[in-house]
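Protein sequence lines correspond, in order, to chains A and B.
FYI, the numbering used here numbers position 19 of the first sequence as 1146, with every residue one higher than the one before it.
FYI, the numbering used here numbers position 346 of the second sequence as 349, with every residue one higher than the one before it.
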Amino acid sequence: MDKPSSSLVRSHCVGTTAVVYASDYLNRLTGEKIERECRRQLNCGCRALVIDFSDTKLVNSIGISILLGIIDVAEKSGAKIAFSEVNSQTVQLFEMLGLTQHVVLAKDEHEALLTLSGFETTPIVH
Amino acid sequence: MNKSSSSKNFRRVLAQVEPSEFIGRETQLDRIVARAKPEKVQPNLLLLMEPAAGVSELLRQAYDEIFNRQNSVIPIYFAFTRNETTAVSAAIEFLITFLQQYIAFRENDPAIAQSTLTLQELLARAQANDRQWIKELVEEYKRRISGDDTELVRFCLLAPQQIPAERGRPFIMLDGAQLAQYLNGSVQLGKEVVSMLVRGGFNFVLAGLRRQILDATRKALGEAYPTYEFEHMLVTRLTPHESSQLVEQVARRHEVATSEHTRDLLVQQFDGSPFFINAFLQTARAKGKGLTSHFDCQRLYVEELFGGHLHSYFETLLEEISPEVNTRPQLIKLLWNVVSGKRQGQSFADWQELLSLDEDELKTMLGRLHMHEFVNWEAVNIHVATGPDVWTDYLKLRYALDVANKPRALVFGDTLTDLLKRQPTKQGAQVNLGKVVSRFNCQQVPEVLFDYAKFSRKYKGEEPEIIHSGLETDPKLELPQTVYVANCSSLQIQLPQTCEDKHCVIARTFKQRRYSDAQEVVWLVAYLHEKDAVAVNEADARRWCERLKAVGKDFQFGDSQIWLISNSGFTDEALELMEKEHKAFSSNKQQFKLLSDWLGTTGESGVDAESPEGDSGNPGAGNSKPSEFSLEMPFDDENELIAAGTLELLARRLPFRTEAINQIKLAVIEACINVFEHSFSPDRKISQRFRLESDRLVVTISSRGVVPTNLNGASSRSDTTEAAEARRGYGLILIRSLMDEVEFERVDDGTSLRMTKYLRETAS
C-alpha cells in the first residue's frame, strides 16, 4: 500500500518490510528525508528496510554518512536492510567506504524483498 | 545572484557603460551590491584602490544595480571632485546630490539623478508624502549656511538620516575620498566624512586610494570609535586579459580602429589601468584618430603626455604633491634621477637639502607621494618606486622640459623616437616572473626545464605531445619553497638595458621547507628580451651573471642561484660560461612556459598563453596551449551539481572514459561540499578553475577562509555530536581515491584544492 509521506519520500510496505525510494541525487537534504522516513517505518513496526536506488544517479559523501546512520539505526532495531538497484558507480563508492559490509545489495526491489523475507523466516535461536 | 541588470527593464542611471560592457570587476560589484540591505550591515566596507585602478565606474554600476531593484534600499552615490575647493562647498554638493538621488529613486526616474536642479526645484519634484521632511531639511540648511562651517558640514553629511524609516534605508557610496583631504578651509573633510558616516549609523562604502584611506579612517576613528572595524576590499589594476577586453570594448564603443598589435601595446603601456585606457581612447575618438599602427599609438600617446588627459592627470597630481612651483622641478629631478638609475635612493635629510624644505613641508610632500605610491616612505627611509610606464614616461619628459630645459620640439621628437624604439621589447611575451617564481613550493619539476642545452638537444623540433610525455619521465628537480619575491626596482637595483623592471626578480627561498641558514637560497632571476630574436651571447650572459652576482654580494645574500631566461635561448659559449663560472640555470621562452604550465600559473599572468611571437623558432610550441575555464558561484544547496555539470561538458573534450568522468564529477562535488561545509568565506563564494591539457584535467577549487576538514586532522566544526556528523570526512577520502593527484595549498586568504586526473587510458 502506498503511503503519502510528509517528507515527499516515496515508500510503501510489503508485509513488515518497508521499501523507501531514494531520489536522483542523494545529498544532505534528500538523505535526511530518507532517514526520517526509515525511522518512521521502523517506529511503526517494520522489521526490514529496502532502500531502492533505481532513480539515483549520484550519492555524495554526506548521503553516504546518512546511509551509515540508517544502517546503525536499523541494526539497533534488529531490522535487516537491503539496497536495491544501485548503479555501478555508486556500488564502487559503497565498497570504497565499507557500506557493503553491512547491507545486502540486490539487483532490484523484488530480489531485495525476497532476500529479506528469507531472513525474516529464519528462526532466531538463542 | 539575480541581477536587475539582466532584466530587460534595466535602465542606466549613473553608469557610463552598460553592465555587460563593464569589465573585470564582477566580484567586487557583487560584494558591494550584496551589502545594500534594508537592515544594518556591519562592518562597513572600505574600497582600497591601487592608484589609477579606477573605482568610480564600479560604484556607479553598483548604484544602478541597486536603483533598478526599487526595493527599500535607497542608493546614494557621491564623488568628491577637484571642482569643489572647500569642505563646505563639497558638503553642500553632497546634500544636493543626496536629495536629487533620493527623489529620483522615489520617482523611479533616472533623469532626475542625471539633471542639475536647485534645492527649490528638488522640493517641487518631491512626492507629496516626502515634501514635509525635505522642506524642513532645506529650511534648516538655509538657517545654518551662515553659521559655523564644521556644523554645516556635519549637518549636510548627516542629511540622509532624515529619510523616514518607512521610506527605506540609504546605502551611501562615497567615491574619491582621497580628494577630501586636499580641500581647503578650516574643516578636515576627510575626517568629518568618516566620522559622520559612522556616527550616522549608515550602511556605506567608502572608496579611495588604499594608502590614504586606511590612514584617514584610523585618524578619524582613533579616539571616538577605537574598536570600529571595516571590511576591506582591494581594487587593483586589471589583468592583461581583462585590459585587453577593455581596450577592445572601449575602442569599439568609441569607433576607434585598432589592431591586435596596438591593443597589446596599449594593454602593456597602461598596465591595467581602466582610467588611462579610457582616457586615451576617448582622445583618439575626439581627434578622430585610428590606432592601427604602432606609430599611430605612440604619436597620440606622446601628444597625450604633452597636453592631453594623461598630462592633466599627472600635472594635477604634481601640483597637489608639490604646490610650491619652485620646488617642483627639483622634485622631478630627484624622482627621475632615481627612477632612471642615475642616483641611488636618498635619505630624508638628503631630500630636505635637495628640495630646500623644512621638516614639516617635506613630511607633507612625502605623505602625498607615498599615498600615490610614487615613493615608499617610512620614517627616514625613502624608496622611489618606478610606477607604471606612463608615469615614468611623463616624468622623463618633464625632466627634459623643466630641469634640462630642452626645447619642447626636441623633447617631443626624442620621446616619440624613444617610444618607437622601445616597441620591440614591449611587444614581447607578457611575462610575470614574480608570479611563476612565487609558486615554487617544493614541487618536483623536470630539471631539463632549467637547462637550455639539454632541452634543445632532446626536444628541439618535437611535437608537444612528445615533449609532455618526455617531461613526465625526465629526471626531476625539487624546487625550493619561495617565501618572498621582490622586483629588482623595489630593491633599487640597476639593470642592464635589455630587461624590464618586472622581468628581474629576487626570490628568498628555502630548500625542503627547512628554515635554516643552510637551506636558504636566494634566486636571482632575469628574463632577457633580446632585440631581433637572437640568442644571448657570451658577453651578455657574462654581464647579466656578474650583475646578479654583484646584487647578491651587495645585499649579503648567502647561497644564491642565478637563472636566466631568454626568448631565443643562448649561444654555446654563453651556456658554457653560465655553467662553469656561475652554475646558472638557463631556459628559453618555451621552457619557461612549460614550467609555468607545470606550476599552474599560465592564465594567471605568469605567461600570456596568447603571446604572439617567440615560439616560431621552437616547433611544436604554441600547439600545446591549454584551455582554461573558470566558474564562480555562491554557496547554495546543490550548486555543486552546476560545477559537476560544467566539468562534465569540459571533460568530454578529452578522451576520458565515462567512468573517469564520473569520478572527476564526484570529486568536484565533494570538493564543493567541503567548501560549503567548512569555509569561513565572508563572501560565501567558491571559485573553480578547470584546466584542460593534452594529457590531464586539472581542477582547482578555492574559497576565501576555507579550512578543509581533516587537513589538520580535525573538522572545523567541533560542536557537533551527531553520529552522522562524526562520520564526516569521507569527502577527502573519496577525493583522494577518485583523483590522481590532490594538493592543498594554503593561500593568503583561504585554501585552494588542486586535483588532477590523467588520461592514462584512452577511450575504447
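Positions of the beta carbon are idealized from the N, C-alpha and C atoms, including for glycine.
Values in this document were obtained by computation on a predicted structure and should not be read as measured data.
Note down, in chain order, every chain A residue with its Cβ under 8 Å from the Cβ of residue i.
i                 : result
SER706 of chain B : Within 8 Å Cβ-Cβ: nothing; SER706 of chain B doesn't reach chain A, min ~18 Å.
ILE672 of chain B : LEU1185 and ASN1187
SER682 of chain B : Those do not exist, as SER682 of chain B stays about 15 Å from chain A at its closest Cβ, beyond 8 Å.
ILE645 of chain B : The premise fails here: ILE645 of chain B is roughly 12 Å from chain A at the closest Cβ pair, so nothing lies under 8 Å.
Do you know offhand how far residue i's Cα is from residue j's?
i                  : j                  : result
THR476 of chain B  : THR242 of chain B  : 34 Å
LEU51 of chain B   : ALA223 of chain B  : 16 Å
GLY341 of chain B  : PRO391 of chain B  : One detail in the question is off: residue 341 of chain B reads as Val in this sequence, not Gly. If I take the Cα positions, the gap works out to 15 Å.
GLY211 of chain B  : GLU96 of chain B   : 19 Å
GLU263 of chain B  : HIS297 of chain B  : 11 Å
ASN394 of chain B  : PHE317 of chain B  : Reading off the sequence shown, one finds Trp at residue 394 of chain B, where the question assumed Asn. Near 8 Å, if we compare the C-alpha coordinates of PHE317 of chain B and TRP394 of chain B.
GLU1 of chain B    : VAL328 of chain B  : A query on residue 1 of chain B cannot be resolved here, the shown segment of chain B reaching from 4 to 767 and no further.
SER247 of chain B  : ARG266 of chain B  : 7 Å
ASP421 of chain B  : PHE415 of chain B  : 10 Å
ALA1175 of chain A : GLU1162 of chain A : 14 Å
LEU482 of chain B  : ARG687 of chain B  : 34 Å
ASN132 of chain B  : ILE26 of chain B   : 40 Å
Since residue i is in the beta strand (DSSP E), which residue starts that stretch and which ends it?
i                  : result
TYR144 of chain B  : Element bounds for TYR144 of chain B: not the beta strand (DSSP E) but the alpha helix (DSSP H), 131 to 147.
GLY211 of chain B  : 206 to 212
LYS485 of chain B  : Reading off the sequence shown, one finds Thr at residue 485 of chain B, where the question assumed Lys. Its beta strand (DSSP E) spans residues 484 to 490.
PHE81 of chain B   : 76 to 82
PRO391 of chain B  : Where PRO391 of chain B is concerned, there is no enclosing beta strand (DSSP E), given that its DSSP letter is neither H nor E.
MET742 of chain B  : It is not in any beta strand (DSSP E) - MET742 of chain B carries neither H nor E in the DSSP assignment.
TYR530 of chain B  : 523 to 531
THR286 of chain B  : Careful: THR286 of chain B lies outside any beta strand (DSSP E), inside the alpha helix (DSSP H) at 277 to 289.
ILE1208 of chain A : 1207 to 1211
PRO449 of chain B  : 447 to 449
ASP637 of chain B  : According to the sequence as given, residue 637 of chain B is Pro; it is not Asp. Taken as a continuous stretch (DSSP letters only), the beta strand (DSSP E) holding PRO637 of chain B covers 630 to 637.
Could you check where the alpha helix (DSSP H) with residue i kicks off and where it finishes?
i                  : result
CYS507 of chain B  : Element bounds for CYS507 of chain B: not the alpha helix (DSSP H) but the beta strand (DSSP E), 507 to 513.
ILE568 of chain B  : Run containing ILE568 of chain B: none in the alpha helix (DSSP H); it sits in the beta strand (DSSP E), 562 to 569.
TYR455 of chain B  : 455 to 462
GLU381 of chain B  : Premise fails: GLU381 of chain B lies in the beta strand (DSSP E), 378 to 381, not in any alpha helix (DSSP H).
ARG157 of chain B  : 152 to 160
SER1181 of chain A : SER1181 of chain A -> no alpha helix (DSSP H), and no H or E assigned at all.
PHE351 of chain B  : 351 to 358
HIS257 of chain B  : It is not in any alpha helix (DSSP H) - HIS257 of chain B carries neither H nor E in the DSSP assignment.
GLU584 of chain B  : 575 to 585
ASN340 of chain B  : 330 to 342
Tell me which same chain residues have a C-beta within less than 6 Å of the C-beta of residue i, skipping the five on either side of it?
i                  : result
ILE137 of chain B  : LEU126 and ALA129
ASN642 of chain B  : MET636
ASN444 of chain B  : GLN484
GLU1238 of chain A : none
HIS1253 of chain A : Caution applies to HIS1253 of chain A, whose pLDDT of 35 falls short of 50 and renders its modelled position unreliable; the model cannot decide the point.
PHE351 of chain B  : VAL383
ARG739 of chain B  : VAL745
Measure the Cβ-Cβ separation of residue i and residue j and say whether it is below 8 Å.
i                  : j                  : result
GLU680 of chain B  : ASN1187 of chain A : no
LYS586 of chain B  : ASN570 of chain B  : no
ARG268 of chain B  : PHE283 of chain B  : The question names Arg, but residue 268 of chain B is Leu in the sequence shown. For LEU268 of chain B and PHE283 of chain B, no; Cβs fall outside 8 Å.
ALA436 of chain B  : VAL387 of chain B  : Correcting the residue type first, residue 436 of chain B is Leu in the shown sequence and not Ala. Cβ atoms of LEU436 of chain B and VAL387 of chain B: not closer than 8 Å.
SER599 of chain B  : SER690 of chain B  : no
ILE69 of chain B   : VAL58 of chain B   : no
ILE1197 of chain A : CYS1171 of chain A : no
TYR455 of chain B  : PHE573 of chain B  : yes
Any chance the CB of residue i is under 7 Å from a heavy atom of the ligand SAM?
i                 : result
THR476 of chain B : By its list of ligands, the structure shown contains no ligand whatsoever, and the ligand SAM lies outside what it can speak to.
At a CB-CB cut-off below 7 Å, which residues of chain D make contact with residue i?
i                  : result
LEU1156 of chain A : No chain D is part of this structure, whose protein chains are labelled A and B.
For a contact defined as C-beta to C-beta under 7 Å, what are the partners of residue i on chain B?
i                  : result
SER1204 of chain A : By Cβ distance, chain B contributes nothing, its closest Cβ being about 15 Å from SER1204 of chain A, past 7 Å.
Taking C-beta pairs closer than 8 Å, name the residues in chain B that residue i reaches, listed in chain order.
i                  : result
GLN1168 of chain A : Going along chain B, no residue has its Cβ under 8 Å from GLN1168 of chain A, so there is no contact; the nearest lies around 18 Å.
In chain A, which residues lie less than 9 Å from residue i when you measure between Cβ atoms?
i                 : result
LEU737 of chain B : ASN1187, SER1188, ILE1191, LEU1220, MET1223 and LEU1224
ILE676 of chain B : ASN1154, ARG1155, ASN1187, SER1188 and ILE1189
Name, please, each residue of chain A whose Cβ falls closer than 7 Å to the Cβ of residue i.
i                 : result
ASN665 of chain B : GLN1216
SER740 of chain B : MET1223
Quick one: what's got a C-beta closer than 7 Å to residue i's C-beta in the same chain, skipping five residues either side?
i                 : result
LYS668 of chain B : ALA647, LEU650 and GLU651
Give me, in chain order, the residues of the same chain whose beta-carbon lies closer than 8 Å to that of residue i; leave out the 5 immediate sequence neighbours on both sides.
i                 : result
THR220 of chain B : LEU49, VAL197, LEU209 and PHE233
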